[in-house]
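Numbers 15 to 215, taken from the working numbering, label the letters of the sequence shown in order.
Heads up, the beta-carbon is just placed ideally off N, CA and C, and yes, glycines get one too.
Accompanying notes for the structure given below.
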Amino acid sequence: MPRSVPGSSTAGQPGPRRDPVPAVLPVPSPGTTGASLLLNATFEPLCVVSSRRAIVLVLADKAVAVDSTADVVHAETVSLPVPVVVRLTRYVRVPYPSSVPLSRRAVFTRDGQTCVYCGGSATSIDHVVPRSRGGTHTWDNVVAACRRCNHTKADRSLAELGWSLPQAPRTPTGAAWRLLGHRTVDPRWREWLGMPESVSA
Ligand SMILES: [Zn+2]
């Protein structure tokens, strides 16, 4: 049975834990986010962590890299590619929040960054039933809209304008949403999150 790894602290010898990861990581390549998707031992997505955190987990043998970037980080004794997806070596039980926080970015992501009324590029959030008429700031009353449609609609209802929605706005669900309601998605995470290959950007 191995005693201890050189450089690691041992029981009875408390002291500052040595961090083998350099303070400065390589600048992320274009298309990467500087973050890693953390999977449970069962491959279930858990959360998004910084690349630095992912490297610490890999170096501590608490996780293994599942997918990596072309960037290489040089730690104390080893060099390794910066991971974009890592999997825990031991299963952890994690309670999930029951609903996705409503945020501007989350609404944009749900609605594919497009205006629900005209299909143009979304730049604003619209309350389907205007707030001035008692509309709530909830997932089922908030949609992504372009500025022009938002301006045109103003305080009117869809019926008054003769407009309609392609589908009723809903609260997003599923693992991907629990994790990424308001984050940029690295394309290499998608297969693990059960997301379509390309949600229009
Ligand atoms: Zn529009």
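Shortest Cα-Cα distance from THR187 to any of VAL92, GLU174 and ALA120 involves ALA120. ALA120: not part of any beta strand (DSSP E); member of the alpha helix (DSSP H) spanning 118-124, first to last residue. In the DSSP assignment, ARG161 falls within the alpha helix (DSSP H) that extends over 161-167. With contacts defined as CB atoms closer than 7 Å, ILE69 and VAL87 qualify as a contacting pair. One Cα belongs to GLY176, the other to LEU60, and the distance between them is close to 43 Å.
Annotation for ARG101: no alpha helix (DSSP H) segment contains it, though the beta strand (DSSP E) segment containing it runs 93-102. Contact annotation: the region 122-130 does not touch the region 93-109, with fewer than three C-beta pairs closer than 8 Å. According to DSSP, VAL106 shares a beta bridge with no other residue. Straight through space, the alpha carbons of PRO115 and VAL78 are spaced by roughly 30 Å. GLU90 has its alpha-carbon roughly 20 Å from the corresponding atom of VAL100. According to the DSSP secondary-structure assignment, PRO59 is paired through a beta bridge with LEU53. Ranking CYS132, ILE139 and GLY133 by CA distance to the CA of SER117 puts ILE139 first. Secondary structure note for ALA74: it is in no alpha helix (DSSP H), with a DSSP letter that is neither H nor E. Exposure of THR56 is indicated by the presence of fewer than 16 other C-beta atoms within 10 angstroms of its C-beta. The three-state reading of DSSP puts ASP140 in strand, counting E and B together. Under the three-state reduction of DSSP, ALA89 is assigned to coil, being neither helix nor strand. The continuous alpha helix (DSSP H) containing TRP206 extends over residues 204-207. Residue burial is scored here from C-beta neighbours: ARG202 has at least 16 other C-beta atoms within 10 angstroms and is therefore classed as buried. Residue environment analysis places THR47 among the buried positions, since at least 16 neighbouring C-beta atoms fall within 10 angstroms of its C-beta.
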